[in-house]
Amino acid sequence: MPATHTKDELHRFLKPGMKLSTNFEFGPKDQYTYSTTYLGMKENAYLILDIPMRLLEEQVMRKLPNADVIVRGVSDTELGHVIAFKSSVLTTAVRPSPLLFIRIPGTFATKPVREHERYKLQMDCKIVHAGNVYDGSLIDFSLAGIGISTFIEPEFTVGESVTIDSSLSHYIGEENRCVIANIKKLVKGWVIGIKFESPIAMSHELKTELLEQSFLTSNV
């Protein structure tokens with residue numbers, strides 16, 4: 532994304548506790564991505580990120596100071612903004628907990644998220660139909676329906692009702708029928724398109740979870 536803001540506006544989009552994806556670039560084919568948490572900043576100096584200990588363990592042989600990093604996250608704004616910027620490592624610390632200090636970027640980019648868009652995910656789920664359970668992966672989510680991939684040949688047909696078991700099921704609602712819209716055969720497995728009888732509402736909680744899961748998927 533092209534730069535859209537200067538560092539003076541960074542505080543509007545970065546909030547303590549915000550989950551970030553931090554990608555270390557040591558070379559064109561030498562990159563590592565870690566899930567981090569934004570803790571705060573020292574004005575005109577650096578940002579402070581809480582990092583997993585395994586980051587320091589896995590990169591123990593490298594000189595992390597001055598390494599390039601690309602940071603991405605989802606801002607808790609009214610629209611829900613994707614934020615991204617490039618920076619470099621200032622230093623690290625292990626006490627009182629593993630911390631990463633990175634230089635404040637001169638510019639950064641944001642992009643508002645449209646509520647009607649489809650979210651690409653990768654979450655475990657199950658389709659239940661006539662006593663049969665199909666293990667699969669929830670790969671696509673919108674307010675009107677979902678897409679699920681499975682390696683189990685479906686015995687249901689287009690138009691039949693099914694039950695979806697996933698960590699997002701409570702947003703769909705127990706009374707909202709899930710109907711098979713299409714079945715696509717792939718080289719390996721099937722993709723099942725499922726539509727909701729009634730489109731669901733985009734709540735703040737659902738938007739936050741979808742954006743976080745979408746970011747996790749993009750960094751798998």
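In the working numbering, the protein residues as written are 532 to 751. Each residue gets a CB set at the ideal place from its N, CA and C atoms; glycine is no exception. Since this is a predicted model, take the numbers as computed values, not measurements.
Check, Outcome
"Arg634 - DSSP class collapsed to helix/strand/coil", "strand"
"Status (buried if at least 16 other CB within 10 Å, exposed otherwise) for Phe555", "buried"
"Three-state class that DSSP yields for Leu674 in the structure shown", "coil"
"Local Cβ density within 10 Å of Ile683, reported as buried at 16 or more and exposed below that", "exposed"
"Ser700 (DSSP reduced to helix, strand or coil)", "helix"
"Phe544: first and last residue of the uninterrupted alpha helix (DSSP H) it sits in", "541-544"
"Burial state of Gly604 (16 or more Cβ within 10 Å)", "buried"
"His701, buried or exposed, once every other Cβ within 10 Å from all chains shown has been counted against 16", "exposed"
"Whole-angstrom distance between Thr739 and His612, CA atom to CA atom", "10 Å"
"Environment of Val751 [buried if 16+ CB atoms lie within 10 Å]", "Bear in mind that the predicted position of Val751 carries a pLDDT of just 47, short of 50, making it unreliable; the figure below should be weighed with that in mind. Classification of Val751: exposed, given that the 10 Å Cβ count is below 16."
"Sufficient close CB pairs (3 or more, under 8 Å) joining the segment 566-575 to the segment 587-594", "no"
"Inter-residue Cα distance where the pair is Lys617 and Phe639", "8 Å"
"Arg585 (DSSP reduced to helix, strand or coil)", "helix"
"contact_flag[the segment 571-585, the segment 673-690] where n(CB pairs < 8 Å) is 3 or more", "no"
"Option nearest Lys538 by Cα separation, candidates Lys573, Thr553, Ser552", "Lys573"
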